[in-house]
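The opening residue of the sequence shown carries number 49 in the numbering used here; numbering runs sequentially from there.
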Amino acid sequence: MKKMEREKLQKKLSWAIILSETGHVFCCVLPSVFSIVSVLVSAGVLSVMPASLTRWHDAVHDWEIPIILASAALLAAGWGLHALSQKLDCHDTGCHHPPCTPQKKKTSKLLLIATGLFTVNVLIYLGVHA
49 MKKMEREKLQ KKLSWAIILS ETGHVFCCVL PSVFSIVSVL VSAGVLSVMP
99 ASLTRWHDAV HDWEIPIILA SAALLAAGWG LHALSQKLDC HDTGCHHPPC
149 TPQKKKTSKL LLIATGLFTV NVLIYLGVHA
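Below, the structure is given as structure tokens:
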């Protein structure tokens, strides 16, 4: 593969990764923020849920099941790609950079954290909303 083609491919893959991570905001970040603020309100630490947060919370409720399904699909894809990356070694194709193993270990840790957050959010959904 030519250097220019490789750079184009890397740029496209970088954008794909950035776009896939924006889904993380909807699957994990916002539900976690809503849950934490709700717990703080229930515990009396906060007197009331902020109105702007309530509007976002209600909007997310309308899309909760599709968000959970999309999140599950993204997580499954992430684990699948991680498993594939464990089998591949780019040195077989002529790369001359240091080994990728440390980055692959970081990816598995990130996937474990994402899986944990996803599991907590699904349990909260099943326990509170279902």
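C-beta: ideal position from N, C-alpha, C; glycine also.
- Taking every protein chain shown into account, the CB of Ser119 has 16 or more other CB atoms within 10 angstroms, so this residue is buried.
- Annotated three-state conformation of Leu88 is helix, per DSSP.
- Taking all protein chains shown into account, Pro79 has 16 or more neighbouring C-beta atoms within 10 Å of its C-beta and is therefore buried.
- Taking every protein chain shown into account, the CB of Ile66 has fewer than 16 other CB atoms within 10 angstroms, so this residue is exposed.
- Taking C-beta atoms as the reference points, Leu122 and Gly71 count as a pair closer than 8 Å.
- Under the DSSP assignment, Pro98 falls outside any alpha helix (DSSP H); it carries neither an H nor an E label.
- Separation of Gly128 and Ala162 (C-alpha to C-alpha, rounded to the nearest whole angstrom) is 14 Å.
- For Trp63, the three-state secondary structure derived from DSSP is helix.
- For His130, the enclosing alpha helix (DSSP H) begins and ends at 112-135.
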